[in-house]
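In the numbering used here, the protein residues as written are 141 to 411.
Ideal Cβ placement from N, Cα and C applies to all residues, glycine included.
Taking it in order: structure first as structure tokens, then the write-up.
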């Protein structure tokens, strides 16, 4: 790069930094000087209340992390199986494809909160022998059902992005369709869809807060308990910071993967 190019690059960075500082400073001053700021500060940014409620909110937040980890263990393989079923060719597998499409359309169309309420309160009310009564169990089941539908579409997009010649080459080596999909198509598809999968993981981590509707004491439910006791909303800021501490690193990691994939594609195109 020439000296002129490096100079323009540094000037661009300086302009970006200065403009960012100016914008955020202006926003901060507008908020701090607003008529209602003292009340908002006392209700949402009370340092004493933050110190008092943060330990309980942090303890409850670990339940969100557990819900996320347990649900993800089931979502990844089930979604991949659903995507493979939708890719099966021929009239023999038509009923399976229809069931997979119906499942995906239904659980992508129904709001997650409605699925959690229906299963969380409805399934235990049936009082069936051998059916778990735990609200956590049905909260996890609800998240798995909903996010399996979303993630399966991500997998399916990856499978369809692999060129048909890959399948043809695998079949010419003696593999049947399922073997070609599992050993040739799926490995390539999974590598391509890792960034959008991480975006779904971020959404799942946030939606674990909905399980609190069933009575589980997770981070959001704990904030409601604290707010009812103190009539102060600072505990909500505690919970928000904890969720952000998880989601922002995942978001930046996703950006890094996307940028790396673009560099590889550019290198391959110029080779």
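So is residue i buried or exposed if we call it buried at 16+ other beta carbons inside 10 Å?
i           : result
residue 296 : buried
residue 159 : exposed
residue 269 : exposed
residue 291 : buried
residue 278 : buried
residue 282 : buried
residue 336 : buried
residue 384 : exposed
residue 316 : exposed
residue 266 : exposed
residue 157 : exposed
From residue i to residue j, what does the alpha carbon distance come to, in whole angstroms?
i           : j           : result
residue 386 : residue 263 : 31 Å
residue 472 : residue 272 : This structure gives no information on residue 472, because the portion of the chain shown stretches from 141 to 411.
residue 396 : residue 334 : 11 Å
residue 367 : residue 257 : 23 Å
residue 293 : residue 248 : 10 Å
residue 390 : residue 339 : 8 Å
residue 184 : residue 350 : 22 Å
residue 220 : residue 232 : 20 Å
residue 331 : residue 167 : 41 Å
residue 306 : residue 325 : 7 Å
residue 240 : residue 289 : 9 Å
Kindly give me the distance between the Cβ atoms of residue i and residue j, rounded to whole angstroms, as I take these residues to be in contact under 8 Å.
i           : j           : result
residue 287 : residue 215 : 5 Å
residue 284 : residue 223 : Not a contact, Cβ separation roughly 15 Å.
residue 359 : residue 208 : About 12 Å; that fails the 8 Å criterion.
Counting along the chain, where does the alpha helix (DSSP H) carrying residue i start and finish?
i           : result
residue 177 : 177-184
residue 418 : Outside the displayed range of the chain (141 to 411) lies residue 418, so it cannot be described from this structure.
residue 349 : No alpha helix (DSSP H) holds residue 349; DSSP gives it neither H nor E.
residue 270 : Taken as a continuous stretch (DSSP letters only), residue 270 belongs to no alpha helix (DSSP H), as it is neither H nor E.
residue 317 : 317-320
residue 414 : Because the chain spans 141 through 411 in this model, residue 414 falls outside it and cannot be assessed.
residue 326 : 326-332
Is DSSP giving residue i helix, strand or coil here?
i           : result
residue 358 : coil
residue 229 : coil
residue 260 : helix
residue 190 : helix
residue 214 : helix
residue 371 : coil
residue 339 : helix
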